[in-house]
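So the protein sequences, as listed, match chains V and D.
Be aware that the first sequence starts at 1, since it is given in UniProt numbering, and climbs by one per residue.
Be aware that the second sequence starts at 1, since it is given in UniProt numbering, and climbs by one per residue.
Think of the CB as a built atom: it goes at the ideal place given N, C-alpha and C, for glycine as much as any other residue.
All figures in this text were calculated on a predicted structure; none of them were measured in a lab.
One structure below.
2 protein chains.
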Amino acid sequence: MTAGAERGAPTGRRAGVTISQVAAAAGVSRATVSRVMNGRSTVAADLADRVRATASALGYEPNPHARSLALGRTTTVGLVVPDLANPMFQAVLRGLSEAAAAQGHRVMVAESNEDPAEEEVLAAEVARRCDGLVLASSRLPDERLVALAPGLGPLVLVNRELPRLTVPSLTVDYGAGVRDVAEHLLALGHTRLAYLAGPGSSAAHQARSAALRSLARERAGVDLVELPCGSTFVNGHASARAVLDSGATGVVAFNDLVAFGALSGLHELGVAVPDRVSIAGFDDIPFARYTTPPLTTASVPQHELGSLAWQRLWSLLGDRPPQHNVVFRPRLVVRRSTGPAPR
Amino acid sequence: MTAGAERGAPTGRRAGVTISQVAAAAGVSRATVSRVMNGRSTVAADLADRVRATASALGYEPNPHARSLALGRTTTVGLVVPDLANPMFQAVLRGLSEAAAAQGHRVMVAESNEDPAEEEVLAAEVARRCDGLVLASSRLPDERLVALAPGLGPLVLVNRELPRLTVPSLTVDYGAGVRDVAEHLLALGHTRLAYLAGPGSSAAHQARSAALRSLARERAGVDLVELPCGSTFVNGHASARAVLDSGATGVVAFNDLVAFGALSGLHELGVAVPDRVSIAGFDDIPFARYTTPPLTTASVPQHELGSLAWQRLWSLLGDRPPQHNVVFRPRLVVRRSTGPAPR
DNA sequence: TAACGGTGAGAAACCGGTTACCGTGACCTG
DNA sequence: CAGGTCACGGTAACCGGTTTCTCACCGTTA
C-alpha cells in the first residue's frame, strides 16, 4: 500500500537509473528525455509531463560524469592551498565554499604542504577536474606560475599577483600592513626588531621582508634582524630561543600562528609578554583575540578573499566582463601582546 | 631553438590533447594508447616506447571525466560536515585529505550549515560524484539516515553510528567524556551545573545530554540545568547572561567554540573565570590551550578521525575486509578555566 | 490542391576514454 | 609442411549523457 513498499526498479549495484531506462519506460527517445530534463527546446506539454513523471517514479538523476564529458563542464571548482592547518586558508576555503554552494557548485580542495613541486602537479591535476581553480598563496616562483597559468583554465589568484599575466587576483598590501605593525612597535619605543620570516617561497613573506628592510633603512637607529622561521605554530615555538638571543624587544611574526608559537615558547622560557618582549602577528585569525595575552596583529579579510575569489571565477566561467582586482589594506589591531619597550 | 618556442599543437580552447590525437600521431589505435598508458596487457616494447614518447611530446593527459565515465570510478571522496567554521571539522578534513592524498585521491567538501534537509541533498549529490562519502556528525534523524545510506555507495560515518546498518563508523564515547568533565566539576565542589546544549539534531549533543541527566539523577545534591545554546562561538557568547541567571557555578559547554563564546561573554559581564564560574569545553581544538584562561576540555582525536575514516573508505573501495569500528574515549584535559566552586 | 514554413521528436554523431572480441602472423610441434 | 598456439594490436561496442541533423506531419497561404 505504501509507496515505498516496492522500492522501484531493482537497484542492483550502485546502479543509478540511466537516461535510456527512462526513455524506454516513457516510450520516447533519449534525446527527448534529455530535452525535458534540461528544459531545452520545445517538447509537447503532455509528453514532457509523462517524461517527468516516469523520471521521478524511477528516481532518475543524470549521471554527473557523463554530463561533464558531454558538456565539458563540471560544477566544481578547485582550491589549492599550502597548508590546510592554517586558519587563514580555512577561512578562504569557507568563503569560497559558501559562495560557490550558493550557485550550485562544489569545491575540491588540495593541500600542497608548502612544497612548490607538489603544488605544481596538484594545480594541474585539480584544474583538469574542475571548471576553475583558485590558487591561494601560491609558493610557485613567478616564472613557473606564468608558464603554468595558461594551461590551468579559468584561474583566480589569492594572495599573489602576476604582473605579466592578466589573471584576476585578490591581494593584500602586505608591505603596508607590516609597516603599520612595525611603526606601531617603533612608536612604543622598540628599536631592535626581529622578523620571524615565513617560507622563502611565499610572496607574502617576500613583500613583508622587503617592506621591513626598507623601513629599517629609512629610520635611523632602528635595528632589524630577520630570523628564518616558517609559517606554523611549531616553527614559531622553535624560534623562541633565537628571538631571545637576538636581543630584539619587538617581534614581528610572519603570521598569527607563528606569533602564537613564539608566545608559547617565550612563556616557557619565562619571558614576560609584553613586558620584556612585544609580539605582533599577521592575519587576525579568529583566535587571535583569545590568546594570553590577546594578540596584536594586522587584520586581513580572509573569508572575503574566498567569497570574492568565487565571484571572480564565476565571471570568468560565464564569459562575463572581468571584475576588478582588489588589494586589501590590512588594518592594525592593537591588543595586549605589544607594549612599551623595556628600558 | 628553445623547446618551448613553438608551443606544440594549437592549444585552441581549454583544449587538452585527446587519446585519438596521440594515437594518430603515433600511428596506432586508441586502444593501444590506452593499454600503454595503463600498463595493461602486453604491447611490444618498441611500440610502447613510441606511444609514450609521442604522448609526452604532445603533453597528453587522459581526460578524467571520460575516465570516470568509462571506469565508473573517480578518484575522489566526499566529505559532508555541518559547519566548516568549526575547528573540529577542519581537523577531520585535514586528516582525511592528507590520508586520501597519499593514495592519490582528492576530497570534495560540502557544508550543510547544520540543516538536515540540506545535508540530505548534499550527501546524495556529493556521493554521486565521488567514489565514497564520509559523513561527519550527521544531523539526520536515524530513520532518514537509514533510508539514505544504501543509496550513497561506500559510506563511512564519523561521530555517529547506525545500529541498524553495518556502515563503518568512527565514534567518540561522548557520554563517558562528558561524564568525566562533570565529575571533574563536582570534585571541585560545584553542585549546580549548566549544560550549554548543542543543536538538537546532533547525536553528540543527545549523548551528552543523556549522560549528564543520568549523572544528575545518580548523585544526590546535584542540580543540572540545560540551557539551549548551539554549536558556535556566537551561540556561546549569547548564552553568558543565561548562564549567570541560572545560578550555576560550573558550565559544561557543548564544545570548545561554545565555551570560548561563554568565556568571552562572561568576561564582558565582569564575571571572573574560574573564580566565580568554571567553564569546560569539549573537543580540545588546537587553540583551547591558548585562551585566557586556558580551557579545560575533553580531548578528542580529531585529525585521527579523519585519517581513520580514509582507511575505512579505502577498504570499502577495494572490497577488502572491513576494518573494525572504533570508539574513542575522550581524555579529560584540565587547564585553568575550571577551579574550586566559590563559597 | 500544391507548395511552403514551422514545429516536435527520433536517429545518429559526439564527448574521450576502456575493453571484449577477433584477426593476423610468428613460432612450434608432429 | 600442415595445423595449432600464442602474442600482439586493431575494430567496435560501451559508459551515459547532449546536440545536430533530419524527417514527418501539421496548418497556412497562393
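Flag residue i as yes if its beta-carbon sits less than 9 Å from any beta-carbon of chain D, otherwise no.
i                 : result
Glu-218 (chain V) : no
Gly-270 (chain V) : no
Pro-82 (chain V)  : no
Tyr-290 (chain V) : yes
Ala-85 (chain V)  : yes
Leu-93 (chain V)  : yes
Leu-317 (chain V) : no
Leu-263 (chain V) : yes
Pro-293 (chain V) : yes
Pro-286 (chain V) : yes
Gly-339 (chain V) : no
Gly-230 (chain V) : no
Compare the C-beta of residue i against all C-beta atoms of chain V and say whether one is closer than 9 Å.
i                 : result
Val-126 (chain D) : yes
Glu-183 (chain D) : no
Val-334 (chain D) : no
Phe-233 (chain D) : yes
Gly-281 (chain D) : no
Gly-16 (chain D)  : yes
Around the C-beta of residue i, are 16 or more other C-beta atoms found within 10 angstroms, so that it is buried, or is it exposed?
i                     : result
Thr-2 (chain D)       : In this prediction, Thr-2 (chain D) scores a pLDDT of 33, lower than 50, which makes its location untrustworthy; the coordinate-derived value is nonetheless stated afterwards. Its Cβ having fewer than 16 others within 10 Å, Thr-2 (chain D) is exposed.
Val-121 (chain V)     : exposed
Glu-268 (chain V)     : exposed
Ser-20 (chain V)      : exposed
residue 358 (chain D) : Nothing can be reported for residue 358 (chain D), as the shown portion of chain D is limited to 1 through 343.
Asp-49 (chain D)      : exposed
Val-81 (chain D)      : buried
residue 373 (chain D) : This structure cannot settle anything about residue 373 (chain D), because the visible part of chain D is limited to 1 through 343.
His-324 (chain V)     : exposed
Ala-31 (chain D)      : exposed
Ser-214 (chain V)     : exposed
Ala-100 (chain V)     : buried
Gly-339 (chain V)     : buried
Pro-163 (chain D)     : exposed
Gln-90 (chain V)      : buried
Arg-106 (chain V)     : buried
Asp-319 (chain V)     : exposed
Using a cut-off of 7 Å between C-beta atoms, extract the partners of residue i located in chain D.
i                 : result
Leu-69 (chain V)  : His-65, Ala-66, Leu-69
Gln-90 (chain V)  : Gln-90
Phe-260 (chain V) : Tyr-290
Starting from the C-beta of residue i, find all residues in its chain whose C-beta is less than 8 Å away, skip the five residues before and the five after it, and write them out in chain order.
i                 : result
Gly-16 (chain V)  : Glu-61, Asn-63
Arg-289 (chain V) : Leu-295, Arg-335
Could you name the residues of the same chain whose beta carbon sits closer than 6 Å to that of residue i, not counting the 5 residues immediately before and after it, in chain order?
i                     : result
Gly-153 (chain V)     : Ala-127
residue 391 (chain V) : Because chain V in this structure spans residues 1 to 343, residue 391 (chain V) falls outside the shown range and cannot be described.
Ser-337 (chain D)     : Val-273, Pro-274, Ile-279, Pro-293, Leu-295, Thr-296
Pro-87 (chain V)      : Ile-285
Glu-118 (chain V)     : Ser-112
Ala-110 (chain V)     : Val-80, Leu-122, Val-126
Leu-84 (chain D)      : Glu-111
Leu-71 (chain D)      : none
Return the chain-ordered list of same chain residues with a C-beta closer than 7 Å to the C-beta of residue i, the five sequence neighbours on each side being excluded.
i                 : result
Thr-54 (chain V)  : Val-22, Ala-25, Ala-26
Leu-332 (chain D) : Asp-180, Val-181, His-184, Ala-298
Val-271 (chain V) : Leu-244, Val-277
Val-28 (chain D)  : Leu-47, Val-51
Leu-313 (chain D) : Val-77, Gly-132, Val-134, Pro-154, Val-156
Ala-309 (chain V) : Leu-96, Val-134, Val-156, Val-158, Leu-170
His-205 (chain V) : Ala-197, Gly-198, Pro-199, Phe-254
Arg-217 (chain D) : none
Pro-301 (chain D) : Phe-328
Determine the chain D residues that contact residue i at a beta-carbon separation under 9 Å, and present them in chain order.
i                 : result
Met-108 (chain V) : Thr-76, Arg-106, Val-107, Met-108, Val-109
Glu-61 (chain V)  : Ala-124, Glu-125, Arg-128
Listing by chain order, which chain V residues have their CB less than 8 Å from the CB of residue i?
i                 : result
Ala-101 (chain D) : Ala-110, Glu-111
Ser-97 (chain D)  : Leu-84, Val-109, Ala-110, Glu-111
Report yes or no: do three or more beta-carbon pairs, one from the region 178-188 of chain V and one from the region 140-150 of chain V, lie closer than 8 Å?
no
Counting pairs of beta carbons, one from the region 243-257 of chain V and one from the region 207-226 of chain V, are three or more of them closer than 8 Å?
yes
How do the region 193-207 of chain D and the region 225-234 of chain D stand: do at least 3 beta-carbon pairs fall below 8 Å, yes or no?
yes
Cβ pair count under 8 Å reaching 3, the region 38-45 of chain V against the region 73-80 of chain V
No, they do not touch.
Would the region 160-178 of chain D count as touching the region 203-223 of chain D if we require 3 or more Cβ pairs under 8 Å?
The region 160-178 of chain D is in contact with the region 203-223 of chain D.
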